[in-house]
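Chains A and B are the protein sequences, given in the same order. Letter by letter, the first sequence follows residues 1 to 389 in the UniProt record's numbering. Letter by letter, the second sequence follows residues 1 to 389 in the UniProt record's numbering. The next block holds one structure in the form of structure tokens; read it before the comments.
2 protein chains.
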Amino acid sequence: MEAGDAGNGSAAAAQIKGNGDDASCKPLPPCCIKAKAGVPESEAKCHDTVVSGWFTEPRSRFGKTSKVQYYNNPMWPGEAHSLKVEKILYQGKSPYQEILVFESSTYGNVLVLDGIVQLTDKDECAYQEMVTHLPLCSIPSPKNVLVVGGGDGGVLREIARHDSVETIDICEIDQLVIDVCKEFFPNLSMGFKDPRVRLHVGDAVDFLRNSPEGKYDAIIVDSSDPIGPAQALVEKPFIQTIARALKPGGVLCNLAESMWLHTHLIQDMLSICHQTFKGSVHYAWTSVPTYPSGVIGFLLCAKEGRPVNFLTPVNPIEKIQGATKAGKELRFYNSEIHRAAFVLPTFVRRELESYYTTSASTEKEKPKESVSKSQKIKILPNNAILTAS
Amino acid sequence: MEAGDAGNGSAAAAQIKGNGDDASCKPLPPCCIKAKAGVPESEAKCHDTVVSGWFTEPRSRFGKTSKVQYYNNPMWPGEAHSLKVEKILYQGKSPYQEILVFESSTYGNVLVLDGIVQLTDKDECAYQEMVTHLPLCSIPSPKNVLVVGGGDGGVLREIARHDSVETIDICEIDQLVIDVCKEFFPNLSMGFKDPRVRLHVGDAVDFLRNSPEGKYDAIIVDSSDPIGPAQALVEKPFIQTIARALKPGGVLCNLAESMWLHTHLIQDMLSICHQTFKGSVHYAWTSVPTYPSGVIGFLLCAKEGRPVNFLTPVNPIEKIQGATKAGKELRFYNSEIHRAAFVLPTFVRRELESYYTTSASTEKEKPKESVSKSQKIKILPNNAILTAS
Numbered sequence: 001m002e003a004g005d006a007g008n009g010s011a012a013a014a015q016i017k018g019n020g021d022d023a024s025c026k027p028l029p030p031c032c033i034k035a036k037a038g039v040p041e042s043e044a045k046c047h048d049t050v051v052s053g054w055f056t057e058p059r060s061r062f063g064k065t066s067k068v069q070y071y072n073n074p075m076w077p078g079e080a081h082s083l084k085v086e087k088i089l090y091q092g093k094s095p096y097q098e099i100l101v102f103e104s105s106t107y108g109n110v111l112v113l114d115g116i117v118q119l120t121d122k123d124e125c126a127y128q129e130m131v132t133h134l135p136l137c138s139i140p141s142p143k144n145v146l147v148v149g150g151g152d153g154g155v156l157r158e159i160a161r162h163d164s165v166e167t168i169d170i171c172e173i174d175q176l177v178i179d180v181c182k183e184f185f186p187n188l189s190m191g192f193k194d195p196r197v198r199l200h201v202g203d204a205v206d207f208l209r210n211s212p213e214g215k216y217d218a219i220i221v222d223s224s225d226p227i228g229p230a231q232a233l234v235e236k237p238f239i240q241t242i243a244r245a246l247k248p249g250g251v252l253c254n255l256a257e258s259m260w261l262h263t264h265l266i267q268d269m270l271s272i273c274h275q276t277f278k279g280s281v282h283y284a285w286t287s288v289p290t291y292p293s294g295v296i297g298f299l300l301c302a303k304e305g306r307p308v309n310f311l312t313p314v315n316p317i318e319k320i321q322g323a324t325k326a327g328k329e330l331r332f333y334n335s336e337i338h339r340a341a342f343v344l345p346t347f348v349r350r351e352l353e354s355y356y357t358t359s360a361s362t363e364k365e366k367p368k369e370s371v372s373k374s375q376k377i378k379i380l381p382n383n384a385i386l387t388a389s
Numbered sequence: 001m002e003a004g005d006a007g008n009g010s011a012a013a014a015q016i017k018g019n020g021d022d023a024s025c026k027p028l029p030p031c032c033i034k035a036k037a038g039v040p041e042s043e044a045k046c047h048d049t050v051v052s053g054w055f056t057e058p059r060s061r062f063g064k065t066s067k068v069q070y071y072n073n074p075m076w077p078g079e080a081h082s083l084k085v086e087k088i089l090y091q092g093k094s095p096y097q098e099i100l101v102f103e104s105s106t107y108g109n110v111l112v113l114d115g116i117v118q119l120t121d122k123d124e125c126a127y128q129e130m131v132t133h134l135p136l137c138s139i140p141s142p143k144n145v146l147v148v149g150g151g152d153g154g155v156l157r158e159i160a161r162h163d164s165v166e167t168i169d170i171c172e173i174d175q176l177v178i179d180v181c182k183e184f185f186p187n188l189s190m191g192f193k194d195p196r197v198r199l200h201v202g203d204a205v206d207f208l209r210n211s212p213e214g215k216y217d218a219i220i221v222d223s224s225d226p227i228g229p230a231q232a233l234v235e236k237p238f239i240q241t242i243a244r245a246l247k248p249g250g251v252l253c254n255l256a257e258s259m260w261l262h263t264h265l266i267q268d269m270l271s272i273c274h275q276t277f278k279g280s281v282h283y284a285w286t287s288v289p290t291y292p293s294g295v296i297g298f299l300l301c302a303k304e305g306r307p308v309n310f311l312t313p314v315n316p317i318e319k320i321q322g323a324t325k326a327g328k329e330l331r332f333y334n335s336e337i338h339r340a341a342f343v344l345p346t347f348v349r350r351e352l353e354s355y356y357t358t359s360a361s362t363e364k365e366k367p368k369e370s371v372s373k374s375q376k377i378k379i380l381p382n383n384a385i386l387t388a389s
């Protein structure tokens, strides 16, 4: 289903109103039954992740089984981050996921999908700016860009800073996410207002299969964690479909979880990207306080063609005329942060290095590409960068 | 009070035994009364920060007032990090603070002082290695080093990697912290075993006042947050006492909180260090998952004398013979991470830049030092490093 243009979410947005009214929550449902000695009952908020006025990710302690309950994402067992809730603004359920928006005490509005924090007003800059400008500043003059997911609009807002860009396709599966974000995250959903944006509501796998080969200069996968609806987005067939849709020398930026928590997942994704892309493949990371372990990683991949050196932006943001046109200054990204994002702690380097050593032994199983360079990973002692190019 | 040598904590260590036995906790005290629908009562752990088997920082929801209670450190209101508790190993109270050690499900053993996580087995490397090697790799051949705080021994362990070092003084106010860490954090407290270590148990302000002027090549302040016993350690008189104890060209590394949460505090500390040190002053940061917002910052300051360029290690860890002698490989720090630690996100740069602009106007109030360069902050567009040198 294609929604036609970026501005047509208003009818759906109207339907979502009224759900966030605190008054509608009384009398309190069982999910808000409070701990005996918590704060007064009247301060309780109405959601089963919110207890005594605090939202906690990713567990609900008040489910039917009276046990700690995980949502569909037990990716960080043994730890949880909590945010104090001022007011629940919205809760609803789409065909794909549960959506919660609340106003927090110190991080502004918070978007939660299936119990997992996706973004907050305070720290969204770190994620949105990095996931966008790491790929787009690494190629000389991006023209056609695709966003997979990204229904909040933040990545669109960041792409719009690049005046070389001619078309911005976005394929988001969940119309409700778009509508809810237009209502509660205007500083992100402003990204939909750019006239270059074409919104496609539907499954990204189908969308990419139907895209012309070699269409895009850059594809940015801005999805939720790879369990649930986003699982297919880290698997090999999808990555191959992405590679097919990229121009020669085109780039992919895909989410790649936390270096502190998910090395095995990063290794799997590196393996797939390493096999699929014939250009360079790199892991980068940044600080995002409300994500588990306080960091999020990215896999930057280039298709064979004009070589891409992700480590040194050839299209530095400081020189892009459109960079501050979007009405808001950059808050996190700059060219130095770009370079620093690829520098890895020793334990990460070691874990990914040993992975690559193992992977290299299975290299013979793959058909040789005459154009591609050796895919063996290199650790350069002096610049300490992990690279597959 | 001086404890004589690094090995004499055994008597005190013996006294602490037995307190961590889970069996001694039954029947459950009121602090462990559970939420109605939490996990079974038998899984409860005995500490007022531990509810339904989870430790939560920095609030207790089960205090006498039935309200959210902060310890003495309300430095990150509105958010909390929780760790699942396998077993409480120790709880006690020294004249200075409350001490809790527990075994977590996924971060190993955890040290908590006054309700605040100080370190975990899993991520201590990021903090201990950075706070130590950022200063020691920035000067050619450190000989005399002082640690303020650091009773867990981790910084000592890291200093010991530097074979140029001849003496390592440590001034920790709380003997109980030392004893507890010897019991439950052997991989950190092994730092006390190095024959170069001299332990002084007492107040660091007194200790430094009695130190010869110009004694140390480097001083590392490894304290708790600057509220409570550690408050004096970020104030001007103490920083001046530190500067006095440093050799010309000597360096200080002081904790400087989170760039996401405590910009005002960082500004205050920058101001004090900027006024006190006549060499370079820099802010650096690193990722530590169990610290609030997932990051911790450092202030690196050099006394006038031989110029110190913190940004490029002149004493790179990769070339230090003793770097792997301590029996354990580095897990986090390397020379590239050193350089990247000084790269700041745009919002941090902006907030500290505007601070420096204001601060520069009060520059005239200070007596001029003929040796010192201009103290005005510079933002270099190309390398984006904030510097006061």
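Built from N, CA and C at the ideal position, the CB exists for glycine as well.
Run of the beta strand (DSSP E) containing residue i, from where it starts to where it stops
| i | result |
| --- | --- |
| V112 of chain B | 109-113 |
| A284 of chain A | 281-287 |
| Q91 of chain A | 79-93 |
| T263 of chain B | Taken as a continuous stretch (DSSP letters only), T263 of chain B belongs to no beta strand (DSSP E), being part of the alpha helix (DSSP H) at 263-276. |
| L199 of chain B | 197-201 |
| L208 of chain B | Careful: L208 of chain B lies outside any beta strand (DSSP E), inside the alpha helix (DSSP H) at 204-209. |
| E103 of chain B | 98-104 |
| E57 of chain A | 54-57 |
Residue i: contacting residues in chain A (beta-carbon distance under 8 Å)
| i | result |
| --- | --- |
| G202 of chain B | Those within 8 Å of G202 of chain B in chain A number zero; the least Cβ separation is about 35 Å. |
Amino acids of chain B, ordered along the chain, whose beta-carbon sits closer than 9 Å to that of residue i
| i | result |
| --- | --- |
| H162 of chain A | Those do not exist, as H162 of chain A stays about 17 Å from chain B at its closest Cβ, beyond 9 Å. |
| A80 of chain A | W54, T56, A80, H81, S82, L83, K84 |
| T346 of chain A | C125, E129, E329, L330, R331, F332, Y333, N334, I337 |
Beta-carbon proximity check, residue i vs residue j, cutoff 8 Å
| i | j | result |
| --- | --- | --- |
| L134 of chain B | C253 of chain B | yes |
| Q118 of chain B | V155 of chain B | no |
| H81 of chain A | H81 of chain B | yes |
| S258 of chain B | P212 of chain B | no |
| I139 of chain A | V308 of chain A | yes |
| F332 of chain B | L311 of chain B | no |
| G108 of chain B | V295 of chain A | no |
| P316 of chain B | C125 of chain B | no |
| I170 of chain B | V147 of chain B | yes |
| W54 of chain A | K93 of chain A | no |
| L113 of chain A | V101 of chain A | no |
| R306 of chain B | P248 of chain B | yes |
| G153 of chain B | G191 of chain B | yes |
| G78 of chain A | S105 of chain B | yes |
| I178 of chain B | V197 of chain B | no |
| R161 of chain B | G322 of chain B | yes |
| N144 of chain A | D194 of chain A | no |
| I99 of chain B | L188 of chain B | no |
Bounding residues of the alpha helix (DSSP H) (the contiguous stretch that carries residue i)
| i | result |
| --- | --- |
| N144 of chain B | Careful: N144 of chain B lies outside any alpha helix (DSSP H), inside the beta strand (DSSP E) at 144-149. |
| A160 of chain B | Here A160 of chain B belongs to no alpha helix (DSSP H), and DSSP marks it neither H nor E. |
| K236 of chain B | 236-245 |
| T290 of chain B | Where T290 of chain B is concerned, there is no enclosing alpha helix (DSSP H), given that its DSSP letter is neither H nor E. |
| T132 of chain A | 124-136 |
| L300 of chain B | Per DSSP, L300 of chain B belongs to no alpha helix (DSSP H); it is in the beta strand (DSSP E), 295-302. |
| Q175 of chain A | 175-184 |
| A218 of chain A | That residue, A218 of chain A, is in no alpha helix (DSSP H); its beta strand (DSSP E) goes 216-222. |
Proximal residues of chain B, C-beta to C-beta of residue i below 8 Å
| i | result |
| --- | --- |
| P77 of chain A | K84, S105, T106 |
### Task
Compile a chain-ordered list of the residues in the stretch 119-140 of chain B whose CB is closer than 9 Å to at least one CB of chain A.
K122, D123, C125, A126, E129
#### Entry: Under 8 Å (Cβ pairs) to chain A, residues found in the stretch 322-342 of chain B
E329, L330, R331, F332, Y333, N334, S335, E336, I337, R339, A340
### Query
Using a beta-carbon distance cut-off of less than 8 Å, what residues from the stretch 88-115 of chain A approach chain B?
S104, S105, T106, Y107
### Task
Identify each residue in the stretch 284-309 of chain B for which the Cβ-Cβ distance to at least one residue of chain A is less than 9 Å, and report them in chain order.
W285, T286, S287, V288, P289, T290, Y291, P292, S293, G294, V295
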